[in-house]
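*Asks:*
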């Protein structure tokens, strides 16, 4: 009987992890955009802001594959923004503390551990009570 439900459990776990990762990415993106808004023109921030809004809508749809794809799009948009920020700081002599995407958790799949970042899941309507046996 356990094997009968294994595939459904795997899909549900994948959906929860994708949603948690997306919510964490949204939270970190908005936080970082707020911190760097005075360092770059709005035109440079727009692509990331648009990707954040798109991902918010996708998360609400509960479509796991779209959530993963839009999370990747947001990560790519932020990578471009990071390059602009770093090149700008390099031109200024690198004397500003600036933005560290590694410290903010960008590009990292945390296995769905977004809960502590923003007070838990949006609405707390899904569970992360899964044991990860993948070795990640």
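Residue numbers (the working numbering): 7 to 142. Using N, Cα and C, we set each Cβ at its ideal position, and we do this for glycine too. In this text the structure is predicted, and so the values were computed from the model without any measurement.
For residue 62, collect the residues of the same chain with a Cβ closer than 7 Å to its Cβ; drop the 5 residues on either side in sequence, then sort them by chain order.
*Replies:* Position 56 of the chain shown, counted from the start, is the residue given in the question as residue 62. Within the same chain, residue 62 has close Cβ partners 32.
*Asks:* Let me confirm a value: residue 30 is counted as buried when at least 16 other C-beta atoms fall within 10 Å, else exposed. Which label applies?
*Replies:* Residue 30 sits at position 24 when you count from the first residue of the chain shown. Result: buried.
*Asks:* Please state the DSSP three-state secondary structure of residue 45.
*Replies:* Taking the first residue of the chain shown as 1, we reach residue 45 at position 39. Correct three-state label for residue 45: coil.
*Asks:* So the candidates are 69, 44 and 57; which of them puts its Cα closest to the Cα of residue 18?
*Replies:* Counting from 1 along the chain shown, the entry for residue 18 is found at position 12. Among 69, 44 and 57, the Cα nearest to that of residue 18 belongs to 69.
*Asks:* Taking the alpha-carbon positions, what's the residue 78 to residue 9 distance?
*Replies:* For this step, residue 78 is matched to residue 72 along the chain shown. For this step, residue 9 is matched to residue 3 along the chain shown. Roughly 32 Å between the two C-alpha positions.
*Asks:* Would you report the Cα separation of residue 94 and residue 39, rounded to the nearest angstrom?
*Replies:* Taking the chain shown and counting its residues from 1, the one referred to as residue 94 is at position 88. Taking the chain shown and counting its residues from 1, the one referred to as residue 39 is at position 33. Using only the alpha carbons, I get a separation of about 16 Å.
*Asks:* Check whether the region 50-61 touches the region 11-25, counting contact only when three or more Cβ pairs, one atom from each stretch, lie closer than 8 Å.
*Replies:* As far as the Cβ criterion goes, the region 50-61 does not touch the region 11-25, which means the pair count is below three.
*Asks:* Quick check on the burial criterion: 16 or more other C-beta atoms within 10 angstroms. Buried or exposed for residue 83?
*Replies:* On the chain shown, residue 83 is found 77 positions in, with the first residue counted as 1. Result: buried.
*Asks:* Is the beta carbon of residue 60 sitting closer than 7 Å to the one on residue 76?
*Replies:* Along the chain shown, one-based indexing puts residue 60 at 54. Along the chain shown, one-based indexing puts residue 76 at 70. Taking 7 Å as the Cβ cut-off, residue 60 and residue 76 qualify as a contacting pair.
*Asks:* Does residue 69 come out as helix, strand or coil in the three-state DSSP assignment?
*Replies:* Here residue 69 corresponds to residue number 63 of the chain shown, with the count starting at 1. The answer is coil: DSSP assigns residue 69 none of H, G, I, E or B.
*Asks:* Taking Cβ positions, are residue 37 and residue 65 nearer each other than 7 Å?
*Replies:* Residue mapping note: residue 37 aligns to position 31 of the chain shown, counting from 1. Residue mapping note: residue 65 aligns to position 59 of the chain shown, counting from 1. Contact: no.
*Asks:* Could you check whether residue 44 and residue 90 sit closer than 7 Å to each other, using their CB atoms as the reference points?
*Replies:* Along the chain shown, one-based indexing puts residue 90 at 84. Along the chain shown, one-based indexing puts residue 44 at 38. Contact flag unset, no.
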